[in-house]
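Chemist:
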Amino acid sequence: MYAGIEAAQALIHNVTLYKKTTSYNNVSKTYVASIVSPPIPLDRLNNGNSLLCISTVNTSTINKGVTLNVNYVPELVIRGKTVLEEGETLNLTCQVVAANPMANATWTGTDGPYFSLASNVLGREGTSVSIVATVSANPAPTRLNWKKAGNDTILSTSRILLIENATKEDAGDYILEATRVRQRANNITEDITKNVSVHLEIRYGPASARISPNITMLELDIGSSVPHIVCTADCIPTCDFKWTQHYRNTQRHRSVTANLDLGKATTEVIGDHTCEAYNYIGGQKYSATVTFQLRVQYAPMVQAVSFKQLSNTPFDEIGIIRITAVIRAYPATTAGTWGIKNDRFTNPFKPLTGIPRRVYYSFTHLKCEGEELDMTASFVSVPGPFITWYKQPDIKNYVYYEDFRGNWNTSYYTSRYHVQIVTSSTFGTYMVGAENSKGVSNLMVLVQINRKPNCTGMVLDNSAQSENFEGTNEE
Numbered sequence: 001m002y003a004g005i006e007a008a009q010a011l012i013h014n015v016t017l018y019k020k021t022t023s024y025n026n027v028s029k030t031y032v033a034s035i036v037s038p039p040i041p042l043d044r045l046n047n048g049n050s051l052l053c054i055s056t057v058n059t060s061t062i063n064k065g066v067t068l069n070v071n072y073v074p075e076l077v078i079r080g081k082t083v084l085e086e087g088e089t090l091n092l093t094c095q096v097v098a099a100n101p102m103a104n105a106t107w108t109g110t111d112g113p114y115f116s117l118a119s120n121v122l123g124r125e126g127t128s129v130s131i132v133a134t135v136s137a138n139p140a141p142t143r144l145n146w147k148k149a150g151n152d153t154i155l156s157t158s159r160i161l162l163i164e165n166a167t168k169e170d171a172g173d174y175i176l177e178a179t180r181v182r183q184r185a186n187n188i189t190e191d192i193t194k195n196v197s198v199h200l201e202i203r204y205g206p207a208s209a210r211i212s213p214n215i216t217m218l219e220l221d222i223g224s225s226v227p228h229i230v231c232t233a234d235c236i237p238t239c240d241f242k243w244t245q246h247y248r249n250t251q252r253h254r255s256v257t258a259n260l261d262l263g264k265a266t267t268e269v270i271g272d273h274t275c276e277a278y279n280y281i282g283g284q285k286y287s288a289t290v291t292f293q294l295r296v297q298y299a300p301m302v303q304a305v306s307f308k309q310l311s312n313t314p315f316d317e318i319g320i321i322r323i324t325a326v327i328r329a330y331p332a333t334t335a336g337t338w339g340i341k342n343d344r345f346t347n348p349f350k351p352l353t354g355i356p357r358r359v360y361y362s363f364t365h366l367k368c369e370g371e372e373l374d375m376t377a378s379f380v381s382v383p384g385p386f387i388t389w390y391k392q393p394d395i396k397n398y399v400y401y402e403d404f405r406g407n408w409n410t411s412y413y414t415s416r417y418h419v420q421i422v423t424s425s426t427f428g429t430y431m432v433g434a435e436n437s438k439g440v441s442n443l444m445v446l447v448q449i450n451r452k453p454n455c456t457g458m459v460l461d462n463s464a465q466s467e468n469f470e471g472t473n474e475e
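Under full-length UniProt numbering, the residue at position 242 of the sequence shown is numbered 242, and the numbers go up by one with no gaps.
Below is the structure:
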């Protein structure tokens, strides 16, 4: 290392680097030469030195000198603190201590080591998700810890965080803490910790769909307003929705949003309304449905009337004319009437007749001796039926009856068999039948009376028990 050009020259100017004397005896020559030999090696220390050539002829002396100019590359010295912590200020000086010709110093540089991590990660429910961090530090980190935001549990101590069989509860922000050792003066060390976060989004399809208000069946009067129905579902990405109406064998698309607005209650909106919530993940469709039933009460409407003759046209006076009417109503009509109007008859309506059919029966009663018992059986019949109760196995002699024959004013009849005090002979199977002028119902009502298992007092006599009866429950 040199203190500078001036200092170097001051040291060398007082030193004779080369000296040579050449004598010439043949003075007849007009030109003589003295060659520096061996050559003088030149370096930066010779810069600025002089070489002097002295010639003596007889008593006369002349001289000629030359100053050396040696070019060499600059010599630089960088001074300052080069080991810094992140956030400190870098203060360096670049000094040119030697150069010929003189040079200026300039600074150039490149980005240094960094610490980075992806900002968002996507996963699918039920699969494994890996989050890989890119960590760079000087010196290298001594400790890595993965945690979920809001939880101090350490999930991983490597660059990779693996979440197996991910669920939607695993979604959220995850934090990676990296720690390295910092060297201070006097060999004092301390831990330096930095952290970064990544957001994990778990994609999943709808597990279920819900509607608001929460209904399964809605019954309205015709002309009233149908409430606004909203369908919701928990899913990522956000679900799309579709409303479909099903009625009998027809299907109608009602909405392609979560909202269902049907307006006024009419016969056009009757049926099952199904909301389908769905999304797509990786090209696969995931969906869930919810259904409610909408009923609208309205007066009977005759939709069609058709004739089916059993004799040739024109009809004979003794022939049979069969006329069928399609009547639509809710609730269902309980009776229909036919009338005739011509020159001889003016609206003499006659109620529609039919064989009684069962509409309701009680299943099994559990009783103890001494208690009261009420059993009921109901039939639809026009005209009124004759209802009889039998206790099996005797199906010839009835134990109770009610007579509604001759009644044309109603179509729904209920017979109630009341036993004031239950005895051991009461237990068993009862069969209820009905008949009217049109015929006998082919569907029987079966009522089973059994003794409670925890009855106290009287013990059921084996001789009083009736045999088990397997009956049909088909309509």
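Yeah, the Cβ is synthetic: ideal placement off N, Cα and C, and Gly gets one too.
1) Less than 6 Å between C-beta atoms, sequence neighbours within five positions excluded: which residues of the same chain meet that for arginine 328?
2) Between which two residues does the beta strand (DSSP E) holding glutamine 183 run?
3) Excluding the five sequence neighbours on either side, which residues of its own chain have a C-beta within less than 6 Å of the C-beta of residue 480, listed in chain order?
4) Could you give the first and the last residue of the continuous beta strand (DSSP E) run that contains lysine 148?
5) Please look up how many angstroms separate the CB atoms of leucine 52 and glycine 65, rounded, as I've assumed it's under 8 Å.
6) Would you list the residues sitting across from valine 77 in a DSSP beta bridge?
7) Is DSSP giving arginine 248 helix, strand or coil here?
8) DSSP three-state label for asparagine 186, please.
9) State the CB to CB distance for the pair phenylalanine 307 and methionine 217, rounded to an integer number of angstroms; the pair is presumed to be in contact (CB under 8 Å).
10) Could you check which residue in Leu162, Ala140, Leu176 and Lys168 has the C-alpha nearest to that of asparagine 151?
11) Identify every residue that forms a DSSP beta bridge with isoleucine 40.
12) What runs of the beta strand (DSSP E), each 3 residues or longer, lie entirely inside the region 192 to 255?
13) Give the secondary structure of leucine 45 by DSSP, where H, G and I count as helix, E and B as strand, and everything else as coil.
14) Please name the residue in Ser425, Arg322 and Val326 whose C-alpha comes closest to that of residue 476.
15) Leaving out the 5 sequence neighbours to the left and right, which residues in its chain are closer than 8 Å to threonine 61 when beta-carbon positions are compared?
16) Could you give the distance in angstroms between the alpha-carbon of threonine 456 and the alpha-carbon of valine 445?
17) Can you list, in chain order, the residues of its chain with a C-beta nearer than 6 Å to that of serine 255? Leave out the 5 residues immediately preceding and following it.
18) Determine the extent of the beta strand (DSSP E) in which residue 496 is found, giving its start and end residues.
19) Under 8 Å between the Cβ atoms of lysine 148 and glycine 126?
20) If I measure Cβ to Cβ from proline 385 and keep anything under 8 Å in the same chain, skipping five residues before and after, which residues do I get?
21) Within 10 angstroms of the Cβ of arginine 451, are there 16 or more other Cβ atoms? Answer buried if so, exposed if not.
22) Does the separation of the CB atoms of valine 432 and tryptophan 389 fall below 8 Å?
23) Straight-line CA distance for asparagine 407 to threonine 376?
24) Would you list the one or two residues that DSSP bridges to glutamate 435?
25) Measuring alpha carbon to alpha carbon, tell me which residue in Asn214, Asp261, Ser208 and Asp221 is nearest alanine 277.
26) Would you mind sorting proline 39 into buried or exposed? The rule is 16 or more other CB atoms within 10 Å of its CB.
27) Is the beta carbon of valine 226 closer than 8 Å to that of glycine 263?
28) Start and end of the beta strand (DSSP E) containing isoleucine 449?
29) Of all the options Ala98, Met102, Ser128 and Val196, which has the alpha carbon lying nearest to the alpha carbon of tryptophan 146?
30) For threonine 166 versus leucine 144, is the C-beta distance shorter than 8 Å?
31) To the nearest angstrom, how far is the alpha carbon of arginine 124 from that of cysteine 231?
32) Name the two residues that bound the continuous beta strand (DSSP E) containing glycine 263.
33) Secondary structure at glutamate 268, three-state DSSP: helix, strand or coil?
34) Round the Cβ separation of glutamate 201 and isoleucine 160 to the nearest angstrom and send it over; I've been treating them as touching at under 8 Å.
35) Might you give, ordered along the chain, the residues of its own chain that have their beta carbon closer than 7 Å to the beta carbon of residue 493, omitting 5 neighbours on each side?
36) Just mark glycine 339 as buried or exposed, buried being the case when its beta carbon has 16 or more other beta carbons within 10 Å.
Modeler: So, from the data block:
1) Met301 and Gln303
2) 172 to 183
3) With the chain running from 1 to 475 in the structure shown, residue 480 is simply not present.
4) 143 to 148
5) 4 Å
6) Gln95
7) coil
8) helix
9) Actually they do not touch by this definition, with Cβ atoms about 38 Å apart.
10) Leu176
11) According to DSSP, isoleucine 40 bridges with nothing at all.
12) 209 to 212, 217 to 221, 229 to 233, 240 to 247 and 250 to 255
13) helix
14) The requested residue 476 is not part of the displayed model; the chain covers only 1 to 475.
15) Ile54 and Ser55
16) 30 Å
17) Trp243
18) Residue 496 lies beyond the residue range present for the chain, which begins at 1 and ends at 475; the question has no answer from this structure.
19) no
20) Pro356, Phe379, Phe404, Arg405, Tyr413, Ala434, Glu435, Asn436 and Ser441
21) buried
22) yes
23) 20 Å
24) Phe386 and Val440
25) Ser208
26) exposed
27) yes
28) 445 to 451
29) Val196
30) According to the sequence displayed, residue 166 carries alanine and not threonine. No, they are not a contact pair.
31) 24 Å
32) Run containing glycine 263: none; DSSP gives neither H nor E here.
33) helix
34) No, glutamate 201 and isoleucine 160 are not in contact; Cβ-Cβ is about 19 Å, not under 8 Å.
35) Lying outside 1 to 475, the shown extent of the chain, residue 493 is not represented and no answer is given.
36) exposed
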